[in-house]
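Numbering (this note's numbering), first residue to last: 96 to 178. Written below as structure tokens is the structure these notes are about.
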């Protein structure tokens, strides 16, 4: 498992997006969280847009598949983007 984490080191995640920025989902880093995110439409190859951040930065909202999804920062960090 550690090899996979190192393999993705340096990749940008949804957490890194600024409001209004877009990205394309590359992969999901956490297997357990990944299943939940897949069910919510965060599928590799899908476009995602940072929509808003709460006043203290957590949670955030993203737009994926034309709907708004609210995530905690630790969840957003597991969604890696294509470079």
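C-beta: ideal position from N, C-alpha, C; glycine also. This one's a predicted model, so the numbers in the text were calculated from it and none came from an experiment.
Name the DSSP beta bridge partners of residue i, please?
{"i": "residue 148", "result": "155"}
{"i": "residue 109", "result": "Bridge partners of residue 109: none, in fact."}
{"i": "residue 164", "result": "157"}
{"i": "residue 123", "result": "174"}
Using the Cβ count rule (16 or more neighbours within 10 Å means buried), how would you classify residue i?
{"i": "residue 170", "result": "buried"}
{"i": "residue 120", "result": "buried"}
{"i": "residue 167", "result": "exposed"}
{"i": "residue 175", "result": "buried"}
{"i": "residue 118", "result": "buried"}
{"i": "residue 157", "result": "buried"}
{"i": "residue 220", "result": "In the structure displayed, the chain extends from 96 to 178; residue 220 sits before or after that span and is not available."}
{"i": "residue 164", "result": "buried"}
{"i": "residue 132", "result": "buried"}
Among the residues of its own chain, which have a CB less than 8 Å from the CB of residue i, if the five just before and after it don't count?
{"i": "residue 125", "result": "173"}
Can you check which of these residues, the options, is closest to residue i by C-alpha distance?
{"i": "residue 161", "options": "141, 168, 176", "result": "141"}
{"i": "residue 147", "options": "159, 137, 136", "result": "159"}
{"i": "residue 144", "options": "114, 136, 134", "result": "114"}
By Cβ distance below 6 Å, which residues in the same chain neighbour residue i in space, the five residues on each side in sequence not counted?
{"i": "residue 122", "result": "139, 175"}
Give every residue of the same chain whose Cβ lies closer than 7 Å to the Cβ of residue i, excluding the five residues on either side of it in the sequence, and list them in chain order.
{"i": "residue 151", "result": "none"}
Is there at least one Cβ from chain C nearer than 8 Å to residue i's Cβ?
{"i": "residue 133", "result": "The structure shown has no chain C; it contains just one protein chain."}
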